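K.L.:
Mapping to this note's numbering: the sequence shown position 316 is 319, numbers consecutive.
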Amino acid sequence: MNNGKVDVLLGLQWGDEGKGKVVDVMTPQYDVIARFQGGPNAGHTLEFEGEKYVLRSIPSGIFQGGKVNIIGNGVVLAPDLFMDEAKDLEKSGHPLKNRLHISKKAHLIMPTHRLLDAALEAAKGKSKVGTTGKGIGPTYTDKISRNGLRVGDIFDHFEEKYAAHKARHEATLKSLGFVDYDITEVEKKWMEGIEYIKQFQIVDSEHEINNLLKQGKTILCEGAQGTMLDVDFGSYPFVTSSNTICAGACTGLGIGPNKIGEVYGIMKAYCTRVGAGPFPTELFDETGALIRQLGHEYGAVTGRERRCGWIDLVALRYSIMVNGVTQLIMMKSDVLDGFDTIKACVAYKQDGKEIDYFPYDIEKGIEPVYVELPGWKTDMTKICSESEFPEQFKQYVAFLEQQLDTPIKIISVGPDREQTIVRQ
Numbered sequence: 004m005n006n007g008k009v010d011v012l013l014g015l016q017w018g019d020e021g022k023g024k025v026v027d028v029m030t031p032q033y034d035v036i037a038r039f040q041g042g043p044n045a046g047h048t049l050e051f052e053g054e055k056y057v058l059r060s061i062p063s064g065i066f067q068g069g070k071v072n073i074i075g076n077g078v079v080l081a082p083d084l085f086m087d088e089a090k091d092l093e094k095s096g097h098p099l100k101n102r103l104h105i106s107k108k109a110h111l112i113m114p115t116h117r118l119l120d121a122a123l124e125a126a127k128g129k130s131k132v133g134t135t136g137k138g139i140g141p142t143y144t145d146k147i148s149r150n151g152l153r154v155g156d157i158f159d160h161f162e163e164k165y166a167a168h169k170a171r172h173e174a175t176l177k178s179l180g181f182v183d184y185d186i187t188e189v190e191k192k193w194m195e196g197i198e199y200i201k202q203f204q205i206v207d208s209e210h211e212i213n214n215l216l217k218q219g220k221t222i223l224c225e226g227a228q229g230t231m232l233d234v235d236f237g238s239y240p241f242v243t244s245s246n247t248i249c250a251g252a253c254t255g256l257g258i259g260p261n262k263i264g265e266v267y268g269i270m271k272a273y274c275t276r277v278g279a280g281p282f283p284t285e286l287f288d289e290t291g292a293l294i295r296q297l298g299h300e301y302g303a304v305t306g307r308e309r310r311c312g313w314i315d316l317v318a319l320r321y322s323i324m325v326n327g328v329t330q331l332i333m334m335k336s337d338v339l340d341g342f343d344t345i346k347a348c349v350a351y352k353q354d355g356k357e358i359d360y361f362p363y364d365i366e367k368g369i370e371p372v373y374v375e376l377p378g379w380k381t382d383m384t385k386i387c388s389e390s391e392f393p394e395q396f397k398q399y400v401a402f403l404e405q406q407l408d409t410p411i412k413i414i415s416v417g418p419d420r421e422q423t424i425v426r427q
């Protein structure tokens, strides 16, 4: 009888919701942490014991000893960036070799994928998506067009396979007029990364995960980016190249849907977005700038300024629906500590009509309809229990729960592992 369970933790907005911190906090409850999609563009930032870490490809459960961490088949992996990230962690005293397993079926991001990323983005002119230039989109394109190079290939005629893929990419680059580049040094380091990966346990992750479940182990699946960047359900075409929603955990790890238990959805007490694309509640005024400053809203990997706005409950209801979210986790509540009033978008106005659902196109003619709530004007960063929450904050939480029809179980009041309040 299978006693194991799989819970999924994912972002409900446009990414950067604070998933890394929550995975780290929740890891003690699980035997296995598994990353199911995405590449090294997203950085999960964790802070504890006075140190700050940014993880790009490695699951956020790596800091808790004795846990198995799996990079699943749905992930795209850059060997050189992975090597840098892993060596930094090893330097800080976290042994990875016995904790981290990598799927044979994960696809490799080649140096030429990054060139293609730059060339294709440049070719788009004004309709740029705002990619991080890490080669993730072109790698997923190769995967879908059945031209991908996978981790498992490094053990079988790898140099031949690599050369063939590189030649194909170079022909595409030439056709795009992108010929002025030299990847000699990058390629050298990339090949070092390939040798480095060989030191890890390279596994058939779908077999490993299902065997662990048969043994009664508990698994937490960690997503990257957020639901509104999902390639199917996000604000297309300004999206990432993978399925960031709960269903992506099934395809990105080889888990049957009937194995999924709790689905934890992470949101901020407000909303942010990086890169181009529609953002209905974006603030272009001093309030938006203040939220950015107070929330340190800059990309963990790129340092890019994040666009900031009020919480969008229309988009959140949509995210909760497509993911089957069972519990909500609210991050960065403390960022709004000083505001007299807080706004929440409860509906959109489109073509003069009020709608409460997320439409096909949010790029044109969308106007947010706000409800204004009293602020709590209290420093919550020192609060240790739910009973200490100010009354107005309790009202804000109750309002969100009623609007989203889902319980908010965990509330974060600061970046540290300790600044996390689990509600009863």
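Note that CB positions come from ideal geometry on N, CA and C, so glycine has one too. Keep in mind the model is a prediction, meaning the values are calculated, not measured.
Quickly, what does DSSP pair G41 with across the bridge? List them, please.
P.N.:
Paired residues: V78.
K.L.:
One question on the structure: do N150 and T230 come within less than 9 Å of each other, judged by their Cβ atoms?
P.N.:
The answer is no: Cβ separation not under 9 Å.
K.L.:
Can you look up M4 in the DSSP assignment and give me helix, strand or coil?
P.N.:
Residue placement at M4 cannot be trusted, given a pLDDT of 45 that sits under 50; what the coordinates show is reported in the next sentence. Correct three-state label for M4: coil.
K.L.:
Among C274, D315, P362 and I413, which one has its Cα closest to the Cα of G18?
P.N.:
Considering only alpha carbons, the answer is C274.
K.L.:
DSSP three-state call for L15: helix, strand or coil?
P.N.:
L15 falls in the coil class under three-state DSSP.
K.L.:
Does the beta-carbon distance from S63 to K24 come in below 9 Å?
P.N.:
Contact flag set, yes.
K.L.:
Using beta-carbon positions only, say whether I74 and H104 come within less than 9 Å of one another.
P.N.:
Cβ distance < 9 Å, so I74 and H104 count as in contact.
K.L.:
Rounded to whole angstroms, how far is the Cβ of L176 from the Cβ of A122, which I believe are closer than 8 Å?
P.N.:
Indeed they touch by this definition, with Cβ atoms about 6 Å apart.
K.L.:
Tell me where the alpha helix (DSSP H) around A350 begins and ends.
P.N.:
No alpha helix (DSSP H) holds A350; the beta strand (DSSP E) holding it covers T344 to Q353.
K.L.:
Under 8 Å by Cβ, that's how I've got S322 and G268 pegged, so tell me the actual separation to the nearest angstrom.
P.N.:
S322 to G268, Cβ: 7 Å. Contact.
K.L.:
Helix, strand or coil: which one does DSSP assign to Y321?
P.N.:
Y321: helix per DSSP, three-state reduction.
K.L.:
Which class does N326 belong to by DSSP, given the choice of helix, strand or coil?
P.N.:
Of the three classes helix, strand and coil, the one that applies to N326 here is helix, per DSSP.
K.L.:
So, under 8 Å CB-CB, L80 and L111 are touching, yes? Tell me the CB distance rounded to an integer number of Å.
P.N.:
The pair is a contact, with the Cβ atoms about 6 Å apart (cut-off 8 Å).
K.L.:
Could you spell out the range, first to last residue, of the alpha helix (DSSP H) harbouring R171?
P.N.:
Residues F161 to S178.
K.L.:
Taking a contact to mean a Cβ-Cβ separation below 9 Å, would you say V35 touches V71 in this structure?
P.N.:
Their beta carbons are under 9 Å apart, which means V35 touches V71 by this criterion.
K.L.:
Can you give the Cα-Cα distance for D315 and P281, rounded to whole angstroms?
P.N.:
So the alpha carbons of these two residues sit roughly 12 Å apart.
K.L.:
Straight-line CA distance for S245 to L232?
P.N.:
Approximately 9 Å, taken between the alpha carbons.
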